[in-house]
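J.: Attaching a single structure in structure tokens format; questions to follow.
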Amino acid sequence: MEMFQNILFGFSVALSIQNLLYCFLGCLLGTLIGVLPGIGPLATIAMLTPITFSLPPVGALIMLAGIYYGAQYGGSTTAILVNLPGETSAVVTCIDGYQMARQGRAGPALGIAAIGSFFAGTLCTLIIALFGPSIAELALEFGPAEYFSLMLMGLVTAAMLAQGDMSKSLAMVIVGLLLGMVGTDVNSGWRRFSFDIAELGDGIGFVVLAVGVFALGEIVANLGSAEKRTIFTSKVGALFPSKDDLRRSSGPILRGTLLGAFFGVLPGTGPSVASFSSYMVEKKVAKDPSRFGHGAIEGVAGPESANNADAQCKFIPMLTLGIPASGTMALMLGALMIHGIAPGPTVMTQKPDLFWGLIASMWVGNLMLVLLNLPLIGLWVSLLKVPYRMLFPAIIVFSSIGIFSINNSPFELYLAALFGLVGFVWMKFGCPPAPMLLGFVLGPMMEENLRRALLLSRGDPMVFVTQPISLGFLIATVLIAVTMLLPALRKRRGAITD
Amino acid sequence: MKTELRSNKDVWAGLMFFGTGAGAMWIARAYPLGTALNMGPGYFPMLLSGLLILVGLYIMLRGLRRSEAIEGSWSIRALILLPLSIVGFGVLMRHAGFVPALVALVLISAAAGREFKFKEALLLSFYLCVLSVAVFIWGLGLPYPLINKF
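Chains A and B are the protein sequences, given in the same order.
Per our numbering, residue 833 is the first one in the first sequence, and the count goes up by one each step.
Per our numbering, residue 5 is the first one in the second sequence, and the count goes up by one each step.
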């Protein structure tokens, strides 16, 4: 019963005129920029984060969450209409979604993506409300050793499951951890890696790093390659899927949601893992697997539900443990800290309006995407016709103003330009930048917990193994690492991601 | 598959990580290490840079055996003009005001593209100026002068 009271309380927060407006603005902006090619959800959130600094914390988080799933949704729209995945998880949607669009069934493909996402969003809102409090309660028992092992597990899984090269992802995690060290050490007052630059005393701003690497770096990379975009939609057609479509999709949507929710709570796994596995499952259980790749609606419904469920459930570790499970959650966590809220299990009890309001607003936001964005698809399509040479200066303008407004100083801009260059080099060398961001946000927390754990154990490193919960996390870490390194699985993983 | 050393993705990536790790270690050698019981400011950075050096070496050696080539061009034009436009925006924001900084930002960054048309970029800078002033100055109330008085 308490759960329903909590949810009701959440809705009373989320349905206030002000927060409804923030939610709507977030969804709209997120979709708008998510639709634009060459800029994914991570870059979108990074770019728009400074705008939310002036809002009250609850409103800011609601708007950021709206941007998050709006961008995700925008990514699948471009995947279906232009065969251009807005981000890695939409790659799967491209396979059958674009084929459907070519057969003149873009409408039902977009419709089922929205319906599947909405269903996944609804179920996951319930899952968070149901399990969130007990996880937070458990987490209250965690000491520094448990936290350190948990973060280690998150970082290792992030490196192992990231798209692309495992060892490079691992190296990027370490680079991120090192970048997190920049600035004044809270314990000793030493200024580390600050090169005697006064502005670096407070460390590198996460917005600066994220915008530099994800927005600017991507633009440089895009300008290097020739533009190729063919829009295949003179007509989107009726949006609502037929009865037959719905019947075919109900199974995939349910299975996709459950898969996505499972992968969602696992720290480190990106939404692409969820959507890829959903696609594989649907292909396995289908009566006629040969239809896949030629416009099977199941191939859109399953993965789209899975990646939305994953996106939503990523909030569980972030809100209850204070541990970001993905690059985007690392950004959210950073935003939370900028608003002066210490992330961790106490958020739920000390800021119940934030916790429950945010959860309720996710459901509201998903509904908005269905009711408001779907009819606007014509507008999004026309946006796609704007050539990139007009779009990227606009992205740069908004990024630059956003970065400048953080401290009203040009220093952050210089730093962002530098990270743009670095991010471009990383991309060229095939080093995925998302694990770096995770390491960057977790770096200072990890050091602090390691220090405290060792202090409490009088310098004995065995403390991580003798504490049962900590040992559990470490065993899980080793298991994940070993399974991912097994040659057989490695080959299969390659086959899926290629 | 043998790849030429010059365009060997993994060798370069490994070298970069090795260099980053070595550089970080060299800087961090000045910070007190402390002991495990009482970690100094140098403890964690030393640990991390040591790990990075090892992973970097591994990637480099693996790349010598087998690696992919770096794809695509380096787009030197964008590589120079884009960061320049952002740095220029920072300088002009301080000395010339919001509008001149924006115009310069749009023109220089647009010039980084392959199909740059001056008239089009000028028009774009006009629209973006109007939009940005409306949203950021009037809408969000950011305290920047539109044009500085000299």
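Note that CB positions come from ideal geometry on N, CA and C, so glycine has one too.
Classify PRO779 (chain A) as buried or exposed, calling it buried when 16 or more other Cβ atoms lie within 10 Å of its own Cβ.
T.: What is shown of chain A runs 833 to 1330, which leaves residue 779 (chain A) out entirely.
J.: May I ask you to report which of helix, strand or coil DSSP gives ALA1141 (chain A)?
T.: The answer is helix: DSSP assigns ALA1141 (chain A) an H, G or I state.
J.: Thinking LEU86 (chain B) and ALA108 (chain B) are a contact (beta carbons under 8 Å), I'd like their distance in whole angstroms, please.
T.: Contact doesn't hold; Cβ gap of about 13 Å is too wide.
J.: Would you call the segment 1035-1044 of chain A in contact with the segment 1304-1314 of chain A, where contact means no fewer than 3 C-beta pairs closer than 8 Å?
T.: Flag = no, the segment 1035-1044 of chain A and the segment 1304-1314 of chain A do not touch.
J.: Alpha carbon to alpha carbon, what distance is there between SER844 (chain A) and MET998 (chain A)?
T.: The straight-line gap from Cα to Cα measures roughly 45 Å.
J.: Please go through the segment 861-913 of chain A and give each complete alpha helix (DSSP H) segment of 4 or more residues, from N-terminal end onward.
T.: Taking only runs of at least 4 residues, the alpha helix (DSSP H) segments lying wholly in the segment 861-913 of chain A are 873-880.
J.: Per DSSP, what are the beta-bridge partners of GLY38 (chain B) in this structure?
T.: In DSSP, GLY38 (chain B) forms a bridge with B:MET43.
J.: Does the beta-carbon of GLN931 (chain A) have 16 or more other beta-carbons within 10 angstroms, so that it is buried, or is it exposed?
T.: Label assigned to GLN931 (chain A): buried.
J.: Of all the alpha helix (DSSP H) runs that stay within the bounds of the segment 1160-1209 of chain A, which reach a length of 4 or more residues?
T.: For the segment 1160-1209 of chain A, whole alpha helix (DSSP H) runs of length 4 or above, ordered along the chain, are 1179-1182, 1184-1200.
J.: Under a three-way DSSP split, which group does ASN12 (chain B) fall into?
T.: ASN12 (chain B) falls in the strand class under three-state DSSP.
J.: What is the rounded straight-line gap between the Cα of THR1329 (chain A) and the Cα of ILE912 (chain A)?
T.: With a pLDDT of only 44 at THR1329 (chain A), under 50, the local geometry of the prediction cannot be trusted, and the value read off the model is given with reservation. Distance between the alpha carbons of THR1329 (chain A) and ILE912 (chain A): 19 Å.
J.: With 8 Å as the C-beta to C-beta threshold (strictly closer), list the residues of the segment 102-119 of chain B near chain A in chain order.
T.: The segment 102-119 of chain B vs chain A, Cβ under 8 Å: LEU106, LEU109, VAL110, SER113, ALA114, ALA116, GLY117, ARG118, GLU119.
J.: By a C-beta neighbour count over all protein chains shown, 10 Å radius and 16 as the cutoff for buried, is SER136 (chain B) buried or exposed?
T.: By the 10 Å Cβ count, SER136 (chain B) comes out buried.
J.: Since I believe ILE839 (chain A) is in contact with LEU1163 (chain A) (beta carbons under 8 Å), could you give me their beta-carbon distance rounded to a whole number of angstroms?
T.: The Cβ separation is near 26 Å, so there is no contact.
J.: So ILE1233 (chain A) is in the alpha helix (DSSP H); what residue range does that whole segment cover?
T.: Start and end: 1220-1239.
J.: Note the first and the last residue of the continuous alpha helix (DSSP H) segment covering TYR1246 (chain A).
T.: Unbroken alpha helix (DSSP H) run through TYR1246 (chain A): 1243-1260.
J.: Does DSSP put ARG1080 (chain A) in a helix, in a strand, or in coil?
T.: It is helical.
J.: Mind checking if ASP1330 (chain A) is an interface residue toward chain B, Cβ cutoff 8 Å exclusive?
T.: Interpretation of ASP1330 (chain A) is limited by its pLDDT of 37, a score under 50 that renders its predicted location unreliable; no figure is taken from the coordinates.
J.: Kindly confirm or deny that the segment 1005-1021 of chain A and the segment 7-14 of chain B touch, where touching means at least three C-beta pairs closer than 8 Å.
T.: No, the segment 1005-1021 of chain A does not touch the segment 7-14 of chain B.
J.: Less than 8 Å between the beta carbons of PHE1236 (chain A) and LEU1245 (chain A), yes or no?
T.: For PHE1236 (chain A) and LEU1245 (chain A), yes; Cβs fall inside 8 Å.
J.: So with Cβ pairs under 8 Å, would you call VAL1052 (chain A) a contact of chain B?
T.: Judged by the 8 Å Cβ criterion, VAL1052 (chain A) is in contact with chain B.
J.: Along chain B, which residues have their Cβ under 7 Å away from the Cβ of ASP1017 (chain A)?
T.: Result: PRO45.
J.: Between ARG10 (chain B) and chain A, is there a C-beta pair that is closer than 8 Å?
T.: No, no contact with chain A.
J.: Rounding to the nearest angstrom, what Cα-Cα distance links ALA991 (chain A) and VAL1005 (chain A) in this structure?
T.: Approximately 7 Å, taken between the alpha carbons.
J.: Between the segment 856-871 of chain A and the segment 1150-1165 of chain A, are three or more C-beta pairs nearer than 8 Å?
T.: In short, these stretches do not touch, since the Cβ pair count stays below three.
J.: Which one or two residues does DSSP pair with ALA73 (chain B) in a beta bridge?
T.: DSSP, once it has assigned bridges, lists B:ASN12 as partnering ALA73 (chain B).
J.: For a quick check, are the C-beta atoms of MET29 (chain B) and GLY60 (chain B) less than 8 Å apart?
T.: In this structure, GLY60 (chain B) does not lie closer than 8 Å to MET29 (chain B) by Cβ.
J.: Going by DSSP, what residue range makes up the alpha helix (DSSP H) through GLY939 (chain A)?
T.: Counting along the chain, the alpha helix (DSSP H) containing GLY939 (chain A) begins and ends at 938-971.
J.: With H, G and I counted as helix, E and B as strand and the rest as coil, what does DSSP make of GLY101 (chain B)?
T.: Looking at GLY101 (chain B) - three-state DSSP - the assignment turns out to be coil, as it is neither helix nor strand.
J.: Quick check on LEU1253 (chain A) - is its C-beta less than 8 Å from some C-beta in chain B?
T.: Output row for LEU1253 (chain A): interface = yes.
J.: Please classify ALA71 (chain B) as buried or exposed, where buried requires at least 16 other C-beta atoms within 10 Å of its C-beta.
T.: Residue identity differs from the one stated: residue 71 (chain B) is Ser in this sequence, not Ala. Classification of SER71 (chain B): buried, given that the 10 Å Cβ count is 16 or more.
J.: Assign GLY145 (chain B) to one of three DSSP states: helix, strand, or coil.
T.: Here GLY145 (chain B) sits in coil by DSSP.
J.: Give me the residue from B:ALA40, B:THR24, B:PRO45 with the minimum Cα distance to ALA34 (chain B).
T.: Minimum Cα distance to ALA34 (chain B) is reached at B:PRO45.
J.: Have a look at LYS123 (chain B) and LYS1217 (chain A) and give me their C-alpha separation to the nearest angstrom.
T.: Taking the straight line from one Cα to the other gives about 20 Å.
J.: Do you know how far the Cα of ALA32 (chain B) is from the Cα of MET50 (chain B)?
T.: Roughly 7 Å separates the two Cα atoms.
J.: To the nearest angstrom, how far is it from the Cα of ALA82 (chain B) to the Cα of PRO149 (chain B)?
T.: Distance between the alpha carbons of ALA82 (chain B) and PRO149 (chain B): 30 Å.
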